[in-house]
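In what follows, a structure is listed as C-alpha coordinates, so that the remarks can point back to it.
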Amino acid sequence: MSCFRLSEDRIYLDIKASPGVSKSRLMGVREGRLRVGIAAAPEDGRANIELRSFLAKLLDCPKKDIVLRSGEKSRLKTLVLPIACKDKLNQLLQNMDD
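Going by the numbering used here, the letters in the sequence shown line up with residues -17 to 80, in that order.
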(Lines of atoms letter the chains of each structure in order from A and count residues from 1; the text may use other names and numbers.)
(Lines give C-alpha, C1' and ligand atoms only; values in the text may rest on other atoms or scores of the structure.)
Protein backbone atom coordinates (compact mmCIF):
# COMPACT_ATOMS: atom_id res chain seq x y z
CA MET A 1 0.00 0.00 0.00
CA SER A 2 1.49 3.32 -1.06
CA CYS A 3 1.50 6.46 1.06
CA PHE A 4 1.40 8.82 -1.92
CA ARG A 5 -0.63 9.61 -5.01
CA LEU A 6 0.54 11.22 -8.22
CA SER A 7 -1.09 13.88 -10.35
CA GLU A 8 0.41 15.37 -13.51
CA ASP A 9 2.86 17.64 -11.72
CA ARG A 10 2.44 16.92 -8.00
CA ILE A 11 2.79 14.22 -5.38
CA TYR A 12 0.26 14.00 -2.58
CA LEU A 13 2.02 12.44 0.41
CA ASP A 14 -0.07 11.14 3.33
CA ILE A 15 1.69 11.30 6.67
CA LYS A 16 1.07 10.38 10.28
CA ALA A 17 3.26 12.70 12.34
CA SER A 18 4.57 11.90 15.81
CA PRO A 19 5.83 15.19 17.25
CA GLY A 20 8.13 15.52 20.24
CA VAL A 21 10.67 12.77 19.45
CA SER A 22 14.37 13.34 20.14
CA LYS A 23 15.41 13.32 16.45
CA SER A 24 13.31 13.64 13.29
CA ARG A 25 13.16 10.31 11.46
CA LEU A 26 11.12 8.14 9.12
CA MET A 27 9.33 5.36 10.99
CA GLY A 28 7.85 3.26 8.18
CA VAL A 29 4.58 3.07 6.31
CA ARG A 30 1.43 1.85 7.97
CA GLU A 31 -2.22 2.07 6.98
CA GLY A 32 -1.35 4.04 3.84
CA ARG A 33 0.58 6.77 5.65
CA LEU A 34 4.28 7.50 6.01
CA ARG A 35 4.98 7.67 9.73
CA VAL A 36 7.39 10.50 10.58
CA GLY A 37 8.81 11.31 13.99
CA ILE A 38 9.23 15.06 14.37
CA ALA A 39 11.81 16.63 16.70
CA ALA A 40 9.60 19.59 17.58
CA ALA A 41 6.63 20.18 19.81
CA PRO A 42 3.21 20.60 18.20
CA GLU A 43 2.96 24.20 19.40
CA ASP A 44 2.65 27.32 17.25
CA GLY A 45 3.18 25.29 14.07
CA ARG A 46 6.73 24.26 15.03
CA ALA A 47 6.18 20.58 14.25
CA ASN A 48 4.81 21.44 10.79
CA ILE A 49 7.83 23.63 10.07
CA GLU A 50 10.22 20.88 11.19
CA LEU A 51 8.32 18.28 9.14
CA ARG A 52 8.66 20.36 5.97
CA SER A 53 12.35 21.08 6.68
CA PHE A 54 13.10 17.42 7.40
CA LEU A 55 11.40 16.19 4.22
CA ALA A 56 13.02 18.93 2.14
CA LYS A 57 16.44 17.78 3.31
CA LEU A 58 15.67 14.09 2.68
CA LEU A 59 14.21 14.74 -0.77
CA ASP A 60 16.77 17.37 -1.76
CA CYS A 61 13.94 19.78 -2.48
CA PRO A 62 13.44 23.43 -1.48
CA LYS A 63 11.29 23.72 1.66
CA LYS A 64 9.13 26.33 -0.09
CA ASP A 65 8.08 23.64 -2.60
CA ILE A 66 6.63 21.38 0.11
CA VAL A 67 3.12 22.56 0.97
CA LEU A 68 0.91 21.38 3.83
CA ARG A 69 -2.40 20.71 2.12
CA SER A 70 -4.36 19.38 5.10
CA GLY A 71 -3.91 18.47 8.74
CA GLU A 72 -2.38 21.65 10.13
CA LYS A 73 -3.51 20.78 13.67
CA SER A 74 -3.74 17.02 13.25
CA ARG A 75 -1.27 14.13 13.26
CA LEU A 76 -2.79 13.00 9.96
CA LYS A 77 -1.47 15.28 7.23
CA THR A 78 -1.29 15.51 3.46
CA LEU A 79 1.65 17.32 1.89
CA VAL A 80 2.02 18.36 -1.72
CA LEU A 81 5.46 17.85 -3.27
CA PRO A 82 6.82 18.60 -6.73
CA ILE A 83 6.76 15.63 -9.10
CA ALA A 84 10.55 15.94 -9.35
CA CYS A 85 10.73 14.36 -5.86
CA LYS A 86 9.18 11.09 -7.05
CA ASP A 87 12.38 9.10 -7.63
CA LYS A 88 13.97 10.21 -4.36
CA LEU A 89 10.74 9.45 -2.45
CA ASN A 90 10.53 5.98 -3.99
CA GLN A 91 14.17 5.37 -3.06
CA LEU A 92 13.58 6.42 0.57
CA LEU A 93 10.52 4.17 0.84
CA GLN A 94 12.39 1.21 -0.68
CA ASN A 95 15.30 1.67 1.73
CA MET A 96 12.88 1.47 4.67
CA ASP A 97 11.73 -1.96 3.46
CA ASP A 98 15.30 -3.34 3.40
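Positions of the beta carbon are idealized from the N, C-alpha and C atoms, including for glycine.
Remember, predicted model here, so these are calculated numbers, not experimental data.
Taking 3 residues as the minimum length, the beta strand (DSSP E) runs contained wholly in the region 6 to 56 are 7 to 12, 15 to 20 and 49 to 52, in order along the chain. Here the alpha carbon of ARG17 sits roughly 19 Å from the alpha carbon of GLU25. Distance from ARG15 to ASP(-4) at the Cβ level is roughly 5 Å; contact confirmed, criterion being Cβ atoms closer than 8 Å. Leaving aside the five residues that flank SER4 on each side, the residues in its chain whose CB is nearer than 7 Å to its CB run, in chain order, ALA21. Distance from the Cα of SER6 is smallest, within the candidate group LYS39, TYR(-6) and GLY27, for LYS39.
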